[in-house]
Amino acid sequence: MISQDIVEWGKPLQQAVRETPTPQGSQVLVKVKYCGVCHSDVHIRDGYFDLGGGRKFNMADRGMKLPVTMGHEPYGTVLSGGQDAGPLPIGQDRLVYPWTGCGHCARCLEGLDNWCPAPRYIGVQTPGGYADHVLVPHSRYLIDATGIDPSFAPILACSGLTTYSAARKLMPCQPSDWIVVMGAGGLGLMAVAMLKAMGHENIAVCEIDESKWATAKDMGAQATFNPAQADALRELQALSGGVWGVIDFVGAESTANLGVACLRKGGRYVVVGLYGGEIPLSLVTLAQRAITIQGSYVGSLEELREVVALAQTGKLKPIPVGYCSMGEVSDVLDRLKAGKVLGRVVAKT
454 MISQDIVEWG KPLQQAVRET PTPQGSQVLV KVKYCGVCHS DVHIRDGYFD
504 LGGGRKFNMA DRGMKLPVTM GHEPYGTVLS GGQDAGPLPI GQDRLVYPWT
554 GCGHCARCLE GLDNWCPAPR YIGVQTPGGY ADHVLVPHSR YLIDATGIDP
604 SFAPILACSG LTTYSAARKL MPCQPSDWIV VMGAGGLGLM AVAMLKAMGH
654 ENIAVCEIDE SKWATAKDMG AQATFNPAQA DALRELQALS GGVWGVIDFV
704 GAESTANLGV ACLRKGGRYV VVGLYGGEIP LSLVTLAQRA ITIQGSYVGS
754 LEELREVVAL AQTGKLKPIP VGYCSMGEVS DVLDRLKAGK VLGRVVAKT
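The letter at position 131 of the sequence shown is residue 584 when you use my numbering, and the numbering goes up by one with no holes.
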């Protein structure tokens, strides 16, 4: 088996050759065809997330041991299973749900693996899809994505799922209520497409790179703003009826401050991005404005099934997708870190 691994934090990925794993117990072996390249892997490769105030969430301190094979958006062909895997769709292609938990705690038994306190995420805590094979812990994590372009399907497991789960946290609201999407990267563009597919009408995008505005509008945004401009807050507050919800796919101090400040009374701010930092909050105004501030991290297995079903209807417009080889993934991570990727990139074996 050939994989692209982190062998030193903050350094380019290195190719590794090792024995192809044999599935044990309920495990399923999948031959990877495609794997999406996600911005969160930039932080993982760096070895930390910025918590603000000079603090860091170090991957090594959280149990990640090098070498690490990242890649949490794998899609491929089911090859074999362990002795307890049961009937499998051998020879058929499946999308992999990567946010797997321990399988035994209360959250996992509720179907909320992504909230497991001892996660076993594929491509994070367990070897992922930047390889030609990946082990999946159970067949329930295999999703039939028939009818969806197999080169687009992989990004539904993270980009699609993450945006869908975040958008649901803004509901219920009226289709005409303004929702602001912070960032027009892969997640931001997917969020615009997802909100449109869910029947939403008024979507504004905040993006400092104005070259991405046309793509955001093509995906369905009605308005675009540069959040770095001095009058950005005033312009957002002037939207008809006010801003009901903000989904922040940047997650920086500047976008969070703007996102919270622009909400109308009773509005909701959902942070997804992991750029890092912290914000001050007045408890008095938090109560008086009756706003909700909530985090959202990926999504559940059932939510992924709902995302796939939505995509199969044809209502979810595909975002721009580029392609690379597995050997080029490290270079793509560099481009993502520099903000030089429009939409998403999918690696092909």
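Heads up, the beta-carbon is just placed ideally off N, CA and C, and yes, glycines get one too. These numbers come from a predicted model, not from an experiment.
DSSP, read as helix, strand or coil, puts Ser618 in helix. A straight-line Cα-Cα distance of about 9 Å links Val460 and Gln468.
Approximately 12 Å separates the beta-carbon atoms of Arg547 and Ile601; this is outside 8 Å, ruling out the contact.
Around the CB of Asp494, 16 or more other CB atoms lie within 10 Å, so the residue is classed as buried.
Under the DSSP definition of a beta bridge, Ile596 partners with Leu548.
Where Ala800 is concerned, the enclosing beta strand (DSSP E) starts and stops at Arg797 to Lys801. In this structure, the CA atom of Pro572 is about 29 Å from the CA atom of Ile772. Relative to the Cα of Lys518, the nearest Cα in the group Gly529, Asp503 and Ile497 belongs to Ile497. Leu757 counts as buried, since at least 16 other C-beta atoms from the protein chains shown sit within 10 angstroms of its C-beta. C-alpha of Lys790 to C-alpha of Gln536: approximately 42 Å in a straight line. Of all alpha-carbon atoms in Lys801, Arg717 and Leu614, the one lying nearest the alpha-carbon of Val633 is that of Arg717. Distance from the CA atom of Ala657 to the CA atom of Met647, rounded to whole angstroms, is 13 Å. DSSP places Cys488 outside any alpha helix (DSSP H); the residue lies instead in the beta strand (DSSP E), whose first and last residues are Val481 to Val490. For Ile656, the enclosing beta strand (DSSP E) covers residues Ile656 to Cys659.
Secondary structure at Asp701: strand, using DSSP grouped into helix, strand and coil. Sequence-distant Cβ neighbours of Val774 in its own chain, meaning closer than 8 Å and more than five residues away, are Ser604, Phe605, Ile608, Gly796, Arg797, Val798 and Val799. Assignment of beta-bridge partners to Asn511 by DSSP yields Tyr501.
Secondary structure of Trp666 (DSSP, three-state): helix.
For Met647, the uninterrupted alpha helix (DSSP H) segment begins and ends at Gly639 to Ala650. Rounded to the nearest whole angstrom, the C-alpha separation of Glu472 and Gly534 is 17 Å. The closest CA to that of Gly719, considering only Gly698, Asp784, Asn710 and His492, is found on Gly698. Only residues of its own chain outside the window of five on either side were considered, and among them Val634 and Phe702 have a CB closer than 6 Å to the CB of Gly641, listed in chain order.
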